[in-house]
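K.L.:
Residue numbers (my numbering), protein chains in the order written: chain F, 157 to 437; chain B, 12 to 444. Beta carbons: idealized from backbone N, C-alpha and C, even for Gly.
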């Protein structure tokens, strides 16, 4: 009996050691960049992980510098993210509700089409979208980004959302229908409240998009005042990576912290969202 | 009596809405008439030019007249304008067909002695019985213009000679060249060498990155889920952090950490008396680096997924195995592993397809570098997608990029269609009623 307990103790100790090493590996980069943002000077190199002195200068520089319009970019990004989130989630819900609950001609074809279209490499369509926006005089506007992000939402989200809606028993709808509810009432009173985890997941992924899209936003937004955070940050890295690392670190922290907190806070819902599409597999 | 339906349909063919007005559905009729008027106005102005543009792609090059450049046709603008007009024509035709069918069916009802629906009733009918189609119109329009149109445009580009340095508008015209681009891609030595080189690495990368993250995720999930491990929630939250940090940030940070000269990783290797490694500058080590960093980003996702599956495995399966005297390893092999594989197989295939297109990882971390000398504008870690990006935005070789894009698309589409067709959610989607 004691041999078995000894084996168990060894097994647990080894497991804890592996877990601790992995935990350090997971947190270390984040810790490194956070501490880096408080380090005086501009260089990437530092003798120790903990800086010898702490300073808030880099954060101050982000908001006062004439070349980095951090506050303005923050507001731009927030505006685009909120608008495209609302429209995008709405469109995705419409699509997934329709394909999950109704049977109509071309339904399977439509589903397969959405799936296939989602596979296309994004850049190639970027050029065409760029020309289209030029044609409609929308270049260098935030509206353009909002429209494009929102219109792209159903492609990415429909399948996961449909997988979730499929799990809501259809007897609920039928019962409501017998009680005289219209399709719209069923959608807003039954489906919407029941799909709250799904909604959170979709809203979050849609909200985060504009914060991290640097390619398309860079193509569309030409003037610095209109940039989003991702474009600004990417510009900072590609122009002066080694000379001004600490300011980049401060900017990175300010973008990553709210999103990371949001993600960890909503972890449960995210897991549900991720697995609801898969578990039916 | 048959003449009623014939007449209504004929009237609607002559002009949208006339059939409806004949059927005494005035509001609907007038709406259709307005659409028709708008359509005719639009197409008189645009359709001729669109057809001409689509076939010729413009025929006046930029000319030098009395020392001044006079702009000729801009082939690419002409192409996209024509494409947009043709899409509107398609929508118009669909509405037209709907209008004729509607007039025809309403007339049949009238022949049977029913009173045609009033406008309010029609709206109610659509909301009750055609809800899905009405619901889908808005997203469908978005997809048509922001997804299908660009894809058509891209496919068309592959069959033109739109490429630097000789065929870039507005200075020069662009022409249709048929399959020439595809032929060049596989038969011209310089291009085919790059293409097959990059393709090989793309496949190696997709296999390795998917396998490492999946196995890593499985290992971590099992570690945390062991009996006797305390603070399971805490471990999970800590290990999920890499997934929560936006990739844009974490990858740019990683790029700095792996910096060969000043980065902390080489610095720490130095403490242990080891020489620094050329993480991002040597072709081989750059490949190792992207795989390692990808594990850091990807393991949490697999971990979450597999932990989710672990909770769904019924306890009595383990109990049954225990009664039969199974050891811990046997329980894992006979119960846990098959259950996990079974439920995550579709996700696994999608991850594989996603990794083929994993643009962020390569672009942000190495930008495809280090450069390989005899490649056409590609580096050692470039995937097909990042090569595509360079061909398009840096080199303006649009036709070649489009051809590569179509090939990527075919590869990925085959995987995902196969995958989707065999999943339960496609075959048995009516299971839950």
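According to DSSP, simplified to helix, strand and coil, what is residue 251 (chain B)?
P.N.:
For the purposes of this step, residue 251 (chain B) is taken as residue 240 along the second chain, with counting starting at 1. The answer is coil: DSSP assigns residue 251 (chain B) none of H, G, I, E or B.
K.L.:
Does the beta carbon of residue 384 (chain B) come closer than 8 Å to any beta carbon on chain F?
P.N.:
By 1-based counting over the second chain, the position of residue 384 (chain B) is 373. So, not an interface residue.
K.L.:
Would residue 389 (chain B) and residue 209 (chain B) qualify as a contact pair, given that the criterion is a beta-carbon distance under 8 Å?
P.N.:
In the second chain, residue 389 (chain B) corresponds to position 378, counting from 1. In the second chain, residue 209 (chain B) corresponds to position 198, counting from 1. Cβ distance < 8 Å, so residue 389 (chain B) and residue 209 (chain B) count as in contact.
K.L.:
Nearest CA to the CA of residue 27 (chain B): which residue from B:58, B:108, B:78, B:74?
P.N.:
Taking the first residue of the second chain as 1, we reach residue 27 (chain B) at position 16. For residue 27 (chain B), the nearest C-alpha among the options comes from B:108.
K.L.:
Residue 100 (chain B): which of B:58, B:266, B:163, B:289 sits nearest, CA to CA?
P.N.:
In the second chain, counting from the first residue as 1, residue 100 (chain B) sits at position 89. Of B:58, B:266, B:163, B:289, the residue nearest in Cα terms is B:58.
K.L.:
If you draw a straight line from the C-alpha of residue 267 (chain B) to the C-alpha of residue 375 (chain B), how long is it?
P.N.:
Numbered from its first residue, the second chain carries residue 267 (chain B) at position 256. Numbered from its first residue, the second chain carries residue 375 (chain B) at position 364. Approximately 11 Å, taken between the alpha carbons.
K.L.:
Are at least three pairs of beta-carbons, each pair with one atom in the segment 232 to 239 of chain F and one in the segment 356 to 372 of chain F, less than 8 Å apart?
P.N.:
Touching, yes.
K.L.:
Check whether the Cβ of residue 357 (chain F) lies closer than 8 Å to any Cβ atom in chain B.
P.N.:
In the first chain, the residue the question calls residue 357 (chain F) occupies position 201. Output row for residue 357 (chain F): interface = no.
K.L.:
Let me confirm a value: residue 328 (chain F) is counted as buried when at least 16 other C-beta atoms fall within 10 Å, else exposed. Which label applies?
P.N.:
Translated into positions along the first chain, residue 328 (chain F) becomes position 172. That one is exposed.
K.L.:
Grouping DSSP H, G and I as helix and E and B as strand, with all else coil, what is residue 74 (chain B)?
P.N.:
What you label residue 74 (chain B) is simply residue 63 of the second chain in a count that begins at 1. The answer is strand: DSSP assigns residue 74 (chain B) an E or B state.
K.L.:
In chain order, what residues of the same chain have a beta carbon less than 8 Å from the beta carbon of residue 321 (chain F), not counting five sequence neighbours either side?
P.N.:
Stepping through the first chain from its first residue, residue 321 (chain F) is reached at position 165. If we look at residue 321 (chain F) and ignore the five residues flanking it on each side, its Cβ neighbours are 252, 253, 256, 257, 347, 351, 354.
K.L.:
Answer with yes or no whether the minimum CB distance from residue 31 (chain B) to chain F is below 8 Å.
P.N.:
Translated into positions along the second chain, residue 31 (chain B) becomes position 20. No, because no Cβ of chain F sits closer than 8 Å to the Cβ of residue 31 (chain B).
K.L.:
Between the Cα of residue 209 (chain F) and those of F:246, F:260, F:181, F:193, spot the shortest distance and give me the residue it belongs to.
P.N.:
As a first step, residue 209 (chain F) must be located in the first chain, where it is residue number 53. Out of F:246, F:260, F:181, F:193, F:193 has the C-alpha closest to the C-alpha of residue 209 (chain F).
K.L.:
Using only alpha-carbon positions, find the residue among F:319, F:340, F:295, F:246 that is nearest to residue 140 (chain B).
P.N.:
Against the second chain, residue 140 (chain B) aligns to sequence position 129. When only C-alpha atoms are compared, the closest one is F:340.
K.L.:
Can you give the Cα-Cα distance for residue 179 (chain F) and residue 410 (chain B), rounded to whole angstroms?
P.N.:
By one-based count along the first chain, residue 179 (chain F) stands at place 23. By one-based count along the second chain, residue 410 (chain B) stands at place 399. Rounded to the nearest angstrom, the two C-alpha atoms are 47 Å apart.
K.L.:
Identify each residue in the segment 157 to 184 of chain F for which the Cβ-Cβ distance to at least one residue of chain B is less than 8 Å, and report them in chain order.
P.N.:
Taking 8 Å as the Cβ-Cβ cut-off against chain B, the residues of the segment 157 to 184 of chain F that qualify are 164, 167, 168, 171, 172, 174, 175, 178, 179, 181, 182, 183.
K.L.:
Assuming contact is defined by CB atoms lying nearer than 8 Å, are residue 356 (chain F) and residue 197 (chain F) in contact in what I supplied?
P.N.:
On the first chain, residue 356 (chain F) is found 200 positions in, with the first residue counted as 1. On the first chain, residue 197 (chain F) is found 41 positions in, with the first residue counted as 1. Contact: no.
K.L.:
With residue 128 (chain B) and residue 115 (chain B) assumed to form a contact (beta carbons below 8 Å), what rounded beta-carbon distance in angstroms separates them?
P.N.:
As a working mapping, residue 128 (chain B) is identified with position 117 in the second chain. As a working mapping, residue 115 (chain B) is identified with position 104 in the second chain. 15 Å between Cβ atoms; not a contact.
K.L.:
Measure the beta-carbon distance from residue 361 (chain B) to residue 430 (chain B) and round it to whole angstroms, keeping in mind my assumption that it falls under 8 Å.
P.N.:
In the second chain, the residue the question calls residue 361 (chain B) occupies position 350. In the second chain, the residue the question calls residue 430 (chain B) occupies position 419. 7 Å between Cβ atoms; contact.
K.L.:
Please determine, among F:215, F:359, F:304, F:199, the residue with the shortest C-alpha to C-alpha distance to residue 400 (chain F).
P.N.:
For the purposes of this step, residue 400 (chain F) is taken as residue 244 along the first chain, with counting starting at 1. With distances taken between Cα atoms, residue 400 (chain F) lies closest to F:199.
K.L.:
Any contact of the segment 306 to 314 of chain F with the segment 387 to 396 of chain F, i.e. 3+ C-beta pairs under 8 Å?
P.N.:
They do not touch, by the three-pair rule.
K.L.:
The segment 246 to 264 of chain B: which residues have C-beta closer than 7 Å to a C-beta of chain F, in chain order?
P.N.:
Here the close residues are 246, 248, 249, 250, 251, 252, 253, 255, 256, 257, 258, 259, 260, 261, 263, 264.
K.L.:
Tell me the residue span of the alpha helix (DSSP H) that contains residue 229 (chain F).
P.N.:
Position 73 of the first chain holds residue 229 (chain F). Unbroken alpha helix (DSSP H) run through residue 229 (chain F): 226 to 257.
K.L.:
Would you report the Cα separation of residue 294 (chain B) and residue 373 (chain B), rounded to the nearest angstrom?
P.N.:
Mapped onto the second chain, residue 294 (chain B) falls at position 283. Mapped onto the second chain, residue 373 (chain B) falls at position 362. Their backbone Cα atoms lie some 13 Å apart in a straight line.
K.L.:
Look at the alpha carbon of residue 298 (chain F) and the alpha carbon of residue 289 (chain F), and state the distance between them as a whole number of angstroms.
P.N.:
For the purposes of this step, residue 298 (chain F) is taken as residue 142 along the first chain, with counting starting at 1. For the purposes of this step, residue 289 (chain F) is taken as residue 133 along the first chain, with counting starting at 1. Rounded to whole angstroms, residue 298 (chain F) to residue 289 (chain F) spans 12 Å at the Cα level.
K.L.:
Secondary structure at residue 351 (chain B), three-state DSSP: helix, strand or coil?
P.N.:
To locate residue 351 (chain B), count along the second chain from 1; it is residue 340. In the structure shown, residue 351 (chain B) sits in a helix (DSSP, three-state: H, G or I).
K.L.:
Spatial neighbours of residue 89 (chain B) within its chain, please: C-beta separation below 7 Å, excluding the five flanking residues on both sides.
P.N.:
Taking the second chain and counting its residues from 1, the one referred to as residue 89 (chain B) is at position 78. So the list reads 64, 68, 69, once near-sequence residues are dropped.
K.L.:
Start and end of the beta strand (DSSP E) containing residue 81 (chain B)?
P.N.:
Indexing the second chain from 1 puts residue 81 (chain B) at position 70. Note, residue 81 (chain B): beta strand (DSSP E), 79 to 81.
K.L.:
Mind checking residue 84 (chain B): buried by the 16 CB within 10 Å criterion, or exposed?
P.N.:
Residue 84 (chain B) sits at position 73 when you count from the first residue of the second chain. That one is buried.
K.L.:
Let me make sure I understand the geometry here. Which of B:400, B:47, B:384 has the alpha-carbon closest to that of residue 378 (chain B)?
P.N.:
Position 367 of the second chain, counted from the first residue, corresponds to residue 378 (chain B). Ranking B:400, B:47, B:384 by Cα distance to residue 378 (chain B) puts B:400 first.
K.L.:
For residue 292 (chain B), which residues of its own chain have a beta-carbon under 7 Å away from its beta-carbon, when the five flanking residues on both sides are left out?
P.N.:
If you number the second chain from 1, residue 292 (chain B) lands on position 281. Answer for residue 292 (chain B): 271, 381, listed in chain order.
K.L.:
Would you tell me roughly how many angstroms separate the C-alpha atoms of residue 367 (chain B) and residue 168 (chain B), rounded to the nearest one?
P.N.:
Numbered from its first residue, the second chain carries residue 367 (chain B) at position 356. Numbered from its first residue, the second chain carries residue 168 (chain B) at position 157. Straight-line Cα distance between these residues: approximately 23 Å.
K.L.:
Can you list the residues of chain B that residue 393 (chain F) reaches, using a CB-CB cut of under 7 Å?
P.N.:
For the purposes of this step, residue 393 (chain F) is taken as residue 237 along the first chain, with counting starting at 1. Per Cβ cutoff of 7 Å: 263.
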